[in-house]
Amino acid sequence: MADAVITTLLKKLLKSLAEEGQSILHECGEFKEQFERFQSELLLMQSFLKDVARFKSKKETIRTVIGNLRELVFDAEDVLADCQLHSGDTDSFSTGWRICFHPKRIPWQYQAVQRLKEINAKIKKIKEQIATYLDVPLPNQPESVYGCSDQRALPYDGILAIGVVGMGGLGKTTIAQKIFNDREVEGRFERRMWVSVSRTFQEEQIMRTMLRKLRSDASVGDDRAELLRKINQYLMGKGNGSSVIITSRNEIVVRRMGVREERIHKPKFLSGEDSWLLFRKIAFAESGGECPELEDAAKEIVEKCKGLPLAIKVVGGMMLYKSPRYHEWKRILDHFRDELKENDSSERGLMASLELSYDELPSYLKPCFLCFSTFPEGCVISKTQLVYWWIGEGFVPLRNGRPTTEAGEDCFSELTNRCLIEVVDKKYNGTIYTCTIHDMVRDLVLKIAEDDAFYSKDGKSCRHLGIKSDLDPKHLMANQKLRALLSTVKTTEVNKIASSTAKALCKPQYLRILDVSYCQNLRTLPSCIVNFKKLEVLDVSNCGSLECLPKGLGRLSNLEVLLGFKPARSSQLEGCRIGELKNLTKLRMLALQITRADQIEDDEINALVNLQELQYFSMSCFDCDGSDLIAKVDELFPPRQLQELCLEFYPGKMSPMWLNPISLTLLRFLSISSGNIAEFHQSFLGPDNAVWKIEALMLDSNLQINLTV
1 MADAVITTLL
11 KKLLKSLAEE
21 GQSILHECGE
31 FKEQFERFQS
41 ELLLMQSFLK
51 DVARFKSKKE
61 TIRTVIGNLR
71 ELVFDAEDVL
81 ADCQLHSGDT
91 DSFSTGWRIC
101 FHPKRIPWQY
111 QAVQRLKEIN
121 AKIKKIKEQI
131 ATYLDVPLPN
141 QPESVYGCSD
151 QRALPYDGIL
161 AIGVVGMGGL
171 GKTTIAQKIF
181 NDREVEGRFE
191 RRMWVSVSRT
201 FQEEQIMRTM
211 LRKLRSDASV
221 GDDRAELLRK
231 INQYLMGKGN
241 GSSVIITSRN
251 EIVVRRMGVR
261 EERIHKPKFL
271 SGEDSWLLFR
281 KIAFAESGGE
291 CPELEDAAKE
301 IVEKCKGLPL
311 AIKVVGGMML
321 YKSPRYHEWK
331 RILDHFRDEL
341 KENDSSERGL
351 MASLELSYDE
361 LPSYLKPCFL
371 CFSTFPEGCV
381 ISKTQLVYWW
391 IGEGFVPLRN
401 GRPTTEAGED
411 CFSELTNRCL
421 IEVVDKKYNG
431 TIYTCTIHDM
441 VRDLVLKIAE
451 DDAFYSKDGK
461 SCRHLGIKSD
471 LDPKHLMANQ
481 KLRALLSTVK
491 TTEVNKIASS
501 TAKALCKPQY
511 LRILDVSYCQ
521 NLRTLPSCIV
531 NFKKLEVLDV
541 SNCGSLECLP
551 KGLGRLSNLE
561 VLLGFKPARS
571 SQLEGCRIGE
581 LKNLTKLRML
591 ALQITRADQI
601 EDDEINALVN
611 LQELQYFSMS
621 CFDCDGSDLI
631 AKVDELFPPR
641 QLQELCLEFY
651 PGKMSPMWLN
661 PISLTLLRFL
671 SISSGNIAEF
681 HQSFLGPDNA
691 VWKIEALMLD
701 SNLQINLTV
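Shown next, in the form of structure tokens:
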């Protein structure tokens, strides 16, 4: 167990930093830099303490580390106390802790910087000791790259093009990502672009992706020539010092891209030692990377992976969930041997490891994993889209009365821990936002999904379908078995088929998941969707041309997720009004887009109050018009049990009066971005005995909010 004193102190200190740190950060220069580093390191230490029970065989080392940390936390608390003390000496204390430079304060600032430097240096030393003596990485640190100490050091000074070539699963992308995300590399380049090129790529789509990465505009109507002109216009005169890294399984490809022989890098298979280090880090994570009684069987399993990082990671993730009994590991080893009897090559070893990992999945995870078959190669996938799809299809098992959303999150976490899916991005609150899968893993998923009739390319009879450019609306109209139709390409490619697809939606009466997000030219959805009694997820977000949803949507009593909902205006008689939402009592996620006051009538103000299952609520007022709207949204109370709230482009200069710890007693995550909010309403803090339970707060950098309440 971690020292109870240090745990309590650290928790208290971090709470103080969260509450009062914003005012301290009005300081600039070296103080701000050292303070932010100090806060980050303390969070890391807190995570380490939570995991400290894993180091069962290093108790003496742990005791020493905890003792050193205890002293550092006391020192840190003293620094914060000094900050508070000196802030209190200024006249600005009563106006929100705003600290300004003053001649009398310069000596204190200098001393604070020096003390923070000393603490940060001591924390760095402790981290080095942990890495040296415990042989287990600290949480939230960049993932280790095994066998690549020399390979990561690819020269990029003045290089035009670099090639990384090798078979699938060898770690080409990992090496490229380490270089791409390196801080020194990031500081050398004004813009960086990461572009995935699938085997069935479209040149126009790649150019649109490049323009997005360059933060440039690409209109829907732009043809190939116009896109190329915009790219050239942006990059003109910036060739000096620019670099390109190309990864491919085919050396001819990188040569044709202009990479010289001496710039082609070929990653090697991992050595036996590095293979073992990578495997035990994953498979024995719960025991600190050690499990002597299983070492012999484990090393034989690692040997079958042939030094391929992807195979080792996937098999290690699989073994993480296996019983720590020798006979179970021996069974897996025998299975592996049988698969490799005919062909013991590296390629076969990789596919055998992937197939074995799928075979050993729990029954409830297999259909969740097969859902990835509907997404195109290289696609970045929303975790929320996946989790609610799984729930809507009934793939997620109910456990001890826990909410289905939590069970769905558990399924996602297990697939991540098994190294079958890869994290791409995280939200402001630290939870995973998007993910992807390795192309070799996708090859396996496609094969199994087609064999099991989970998915087919033609869309005639499959129950799960992704909206792609080659989708034939006639096939959709003939398919009455369809249960999930999802927009799997978040680009203008979807626009070409959106309208024709929408007209074909009246046939699949058993549809549970309908996601037409990012269909920019979709103007309406057919009125027949209000008859889809099984529908649980409806996502029309980022459909810029969509005016409103059809009247009668309130009859969809099983709906749990509604994203991108635009309430009908008073002139849209056949559209769905916001008042209909009161009938959707199973809603868990709701994202509204409100821009006009007549989208909310006086008798519809309480439309959201009775949505007792609602956990996530987002409201965007982009391009809103009229002061009357402010009064309406200020009274649009969400339910008390809400856990996550996102406000975008809020029109009022003051936060809504319902944003307080009494009206939203269970709120855990709060995000406020863009908009006009300049100060919080006087009710924001609530009465003296009210306490916010917010765990993560995101305030957009463009906001100018006065934190004085």
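Per the UniProt record's numbering, the sequence shown starts with residue 1, numbered consecutively. Using N, Cα and C, we set each Cβ at its ideal position, and we do this for glycine too.
Residue nearest to residue i in terms of C-alpha spacing, selected from the options
| i | options | result |
| --- | --- | --- |
| A297 | P324, I282, L308, P639 | P324 |
| L415 | Y321, A352, K693 | Y321 |
| M257 | G163, A311, G317, P376 | G163 |
| L270 | G169, Q177, M193 | G169 |
| D628 | G408, F637, E601, G307 | E601 |
| T374 | M477, C435, S456, K427 | S456 |
| I246 | S655, I175, P651, F284 | I175 |
| M351 | V441, I301, D425, R640 | V441 |
| R229 | M207, S242, N250 | M207 |
| P309 | E286, A285, G272 | G272 |
| R588 | E547, R260, V387 | V387 |
| S517 | I529, L538, K693, S40 | L538 |
| N542 | L556, A591, L559, V530 | A591 |
| L511 | T524, C528, A484 | A484 |
| G288 | E295, L294, R280 | R280 |
| F454 | C368, I421, H438 | C368 |
DSSP three-state assignment for residue i, whether helix, strand or coil
| i | result |
| --- | --- |
| A696 | strand |
| E347 | helix |
| G554 | helix |
| I437 | coil |
| M207 | helix |
| T247 | strand |
| V691 | coil |
| F649 | coil |
| I705 | coil |
| F375 | coil |
| S456 | coil |
| I421 | coil |
| E580 | helix |
| V65 | helix |
| L235 | helix |
| S94 | No answer about S94 holds up, because its pLDDT of 35 lies below 50 and its placement is not dependable. |
| I662 | coil |
| E118 | helix |
| E635 | coil |
| D223 | coil |
Beta-carbon spacing of residue i, residue j below 8 Å
| i | j | result |
| --- | --- | --- |
| residue 714 | F372 | Past the edges of the chain, shown from 1 to 709, lies residue 714, and the structure says nothing about it. |
| E644 | F622 | no |
| K172 | V195 | no |
| I282 | K313 | yes |
| W276 | K299 | yes |
| S655 | F637 | no |
| L546 | L514 | no |
| L505 | P526 | yes |
| S353 | A311 | yes |
| K693 | L666 | yes |
| Q34 | V113 | yes |
| L420 | A407 | no |
Paired residues, beta bridge with residue i - DSSP
| i | result |
| --- | --- |
| H681 | BP columns for H681 are empty, so no partner. |
| A449 | In DSSP, A449 forms no bridge with anything. |
| S357 | Answer is none; S357 lacks a bridge partner. |
| E644 | Y616, F669 |
| K426 | I432 |
| G575 | P550 |
| M654 | E679 |
| F565 | L592 |
| V185 | DSSP lists no partner for V185. |
| S382 | T434 |
| I162 | I245 |
| S487 | I467 |
| I252 | I252 is not bridged to any residue. |
| I264 | G163 |
Any non-hydrogen atom of the ligand FAD closer than 7 Å to residue i Cβ
| i | result |
| --- | --- |
| F375 | By its list of ligands, the structure shown contains no ligand whatsoever, and the ligand FAD lies outside what it can speak to. |
Report task. Note down, one range per segment and in chain order, each beta strand (DSSP E) of at least 3 residues found wholly within the segment 589-631. Result -> If one requires a minimum length of 3 residues, the beta strand (DSSP E) runs lying completely within the segment 589-631 are 589-593, 616-620, in chain order.
Report task. Just list the alpha helix (DSSP H) runs in the segment 266-348, keeping only unbroken ones of 4 residues or longer that don't cross its boundaries, in chain order. Result -> 272-283, 295-304, 309-320, 326-339
Requested in this report: List in chain order: all unbroken beta strand (DSSP E) runs of 3+ residues lying wholly within the segment 512-543.
Outcome: 513-515, 537-539
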